[in-house]
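Number of protein chains: 2
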Amino acid sequence: MKAKIIVNLKEIVLDPQGETILHSLNEMGYDEIKKVRQGKIFFIEIDESDEEKGRKKLEEIAHKVLSNPVIETYTIEIEK
Amino acid sequence: MKAKIIVNLKEIVLDPQGETILHSLNEMGYDEIKKVRQGKIFFIEIDESDEEKGRKKLEEIAHKVLSNPVIETYTIEIEK
């Protein structure tokens with residue numbers, strides 16, 4: 001089974017990297033870009049045929065290992 | 101208009117960060133995890149109502165600014 005775990009900063013947390021990219025783009029003439037936020041994406045292969053069990057494991061991993069729940073949120077997308 | 105640009109390493113390029121996470125997970129007992137690759141995701145707001153034009157701008161930005169086309173590929177997802 002393949003899955004994606006997307007980790008992004010909570011909306012209330014500042015994202016200096018995204019801000020820097022936004023300003024660079026605006027300076028380059030891309031004035032139509034109004035907001036940039038950067039996140040992480042993990043492409044994962046898991047040896048588990050039961051989707052429910054797989055999702056549970058991925059939830060654990062996302063929460064414990066891949067994200068910092070204080071400042072980040074995550075979403076899990078299972079590929080069929 | 102909102103969009104996501106996902107930048108990931110080409111399959112032939114080594115991903116030491118992903119490898120490290122994979123080994124850590126396996127050591128922690130998550131033996132069912134077989135592969136981890138890490139990428140970047142950018143959440144973008146663009147002031148452009150024409151989807152075709154917006155996508156063209158985002159293609160330019162993804163190619164010129166957000167990715168290194170030698171080692172990375174990107175995909176653009178427009179949110180309706």
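In order, the protein sequences belong to chains B and Z.
So that you can map any letter, position 35 of the first sequence is 35 in our numbering, and since no number is skipped, the others follow by simple counting.
So that you can map any letter, position 25 of the second sequence is 125 in our numbering, and since no number is skipped, the others follow by simple counting.
C-beta atoms are modelled at their ideal positions from N, C-alpha and C, and glycine is treated no differently.
None of the values given here were measured: they were computed from a predicted structure.
Check                                                                                                    : Outcome
Residue nearest to E172(Z) in terms of C-alpha spacing, selected from G139(Z), I161(Z), L158(Z), E160(Z) : G139(Z)
Candidates L125(Z), I141(Z), K156(Z): closest to E148(Z) by CA position                                  : K156(Z)
Whole-number beta carbon distance between L166(Z) and F143(Z), since they are thought to touch under 8 Å : 12 Å between Cβ atoms; not a contact.
Any chain Z beta carbon closer than 8 Å to K56(B)                                                        : no
For T20(B): DSSP bridge partner residues                                                                 : Its beta-bridge partners do not exist; DSSP assigns none.
Against chain Z: residues of the segment 36 to 69 of chain B by CB proximity under 7 Å                   : V36, R37, Q38, G39, K40, I41, F42, F43, I44, E45, I46, D47, E48, K57, I61, V65
Chain Z residues whose Cβ lies nearer than 7 Å to that of Y74(B)                                         : Here the premise fails: no neighbours, minimum Cβ distance about 11 Å.
Minimum C-alpha distance to Y130(Z) - residue among R37(B), I33(B), I78(B), K64(B)                       : K64(B)
Coil, strand or helix - K104(Z) by DSSP                                                                  : strand
Proximal residues, the segment 2 to 23 of chain B versus chain Z, C-beta separation under 8 Å            : I6, N8, G18, I21
Cβ of E177(Z) within 8 Å of any chain B Cβ                                                               : no
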